[in-house]
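Student:
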Amino acid sequence: SFSDGGTYQINDEALRNHCQQLIAEGADILDFGAESTRPNACEVDDETQIKLLSNAMRVLSDLKVTLSIDTRSSVVARHCLQRGANIINDVSAFGDKEMPATIAEFGAQVVLMHSRGTAKTMRQHCDYDYLIGEICDELSLRVNAGIDAGIDAANIIIDPGIGFSKTNKWK
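Written out as structure tokens, the structure reads:
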């Protein structure tokens, strides 16, 4: 996963060439998103995400690589899974209550990342009494929600979300 700031999206050829280079260098998964998760980033509506991601998927659909879609939206996830995405990277860990059912329906893999709040508010949610324990407790609830919705436990990947609603300041 990388943020290119639009560098490789100047045209389809530049995007394809860059992704082919990443694959040649050993990338097994390409993770694409159309909404920044940096602190204070604005939300991007589903229609805009779908437009941007559809083009990337069209350009890269014949490459021999797993495509992961970085989205918090079940609508965007559904659209991309219908078009060949294999993994949904959900930085909200099922913040969209329809996401677990969508993942289960497609038998897809899902990455559940720990975070609190949104890109706009995550810096306000960095208070922990026991960081690792709280991350584990909060993610276990989300993992269980996925399993309850019918997602195979083997398809759930957890991400502690280093840098998301966390600081290096300790109490």
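Be aware that the sequence shown starts at 1, since it is given in the working numbering, and climbs by one per residue.
We put the CB at the ideal spot given by N, CA and C, even for glycine.
1) Report yes if the CB atom of D90 is closer than 8 angstroms to the CB atom of M57, and no otherwise.
2) In the DSSP assignment, what are the bridge partners of S68?
3) Express the C-alpha separation of I23 and D159 in angstroms, rounding to a whole number.
4) For D159, which of helix, strand or coil comes out of DSSP?
5) Given a cut-off of 8 angstroms on the beta-carbon distance, is the pair L63 and G84 in contact?
6) In three-state DSSP terms, what is Y44?
7) Can you check which of these residues, D46, I10 and L60, is closest to D31 by C-alpha distance?
8) Do Q49 and A27 come within 8 angstroms of each other at the CB atom, strictly closer than that value?
9) So, for A101: in the same chain, excluding its five sequence neighbours on each side, which residues have a beta-carbon less than 8 angstroms away from its beta-carbon?
10) Near R72, what residues of its chain come up, given a Cβ to Cβ distance below 7 angstroms and the 5 sequence neighbours on each side ignored?
11) Closest by CA to C136, which one among G161, N155 and D152?
Tutor: Taking the structure as given:
1) The residue you call residue 90 lines up with position 90 of the sequence shown. The residue you call residue 57 lines up with position 57 of the sequence shown. Not in contact: D90 and M57 (Cβ atoms no closer than 8 angstroms).
2) By one-based count along the sequence shown, residue 68 stands at place 68. DSSP, once it has assigned bridges, lists D31 and I87 as partnering S68.
3) Taking the first residue of the sequence shown as position 1, residue 159 is located at position 159. Taking the first residue of the sequence shown as position 1, residue 23 is located at position 23. In a straight line, the C-alpha of D159 is about 23 angstroms away from that of I23.
4) Taking the first residue of the sequence shown as position 1, residue 159 is located at position 159. If DSSP states are grouped into helix, strand and coil, D159 belongs with the strands.
5) Locating residue 63 in the sequence shown gives position 63, where the first residue counts as 1. Locating residue 84 in the sequence shown gives position 84, where the first residue counts as 1. Contact: no.
6) Mapped onto the sequence shown, residue 44 falls at position 44. In the sequence as displayed, the identity of residue 44 is Val instead of Tyr. It is coil, neither helix nor strand.
7) For the purposes of this step, residue 31 is identified with residue 31 of the sequence shown, where counting begins at 1. It is L60 whose Cα lies nearest to the Cα of D31.
8) Translated into positions along the sequence shown, residue 27 becomes position 27. Translated into positions along the sequence shown, residue 49 becomes position 49. No, Cβ-Cβ distance for A27 and Q49 is not below 8 angstroms.
9) For the purposes of this step, residue 101 is identified with residue 101 of the sequence shown, where counting begins at 1. For A101, where only same-chain residues beyond five positions count, the Cβ hits under 8 angstroms are S74, A149 and G150.
10) As a working note, residue 72 is residue 72 in the sequence shown. So the qualifying residues of the chain are D90, V91, S92, G95 and D96.
11) Taking the first residue of the sequence shown as 1, we reach residue 136 at position 136. It is G161 whose Cα lies nearest to the Cα of C136.
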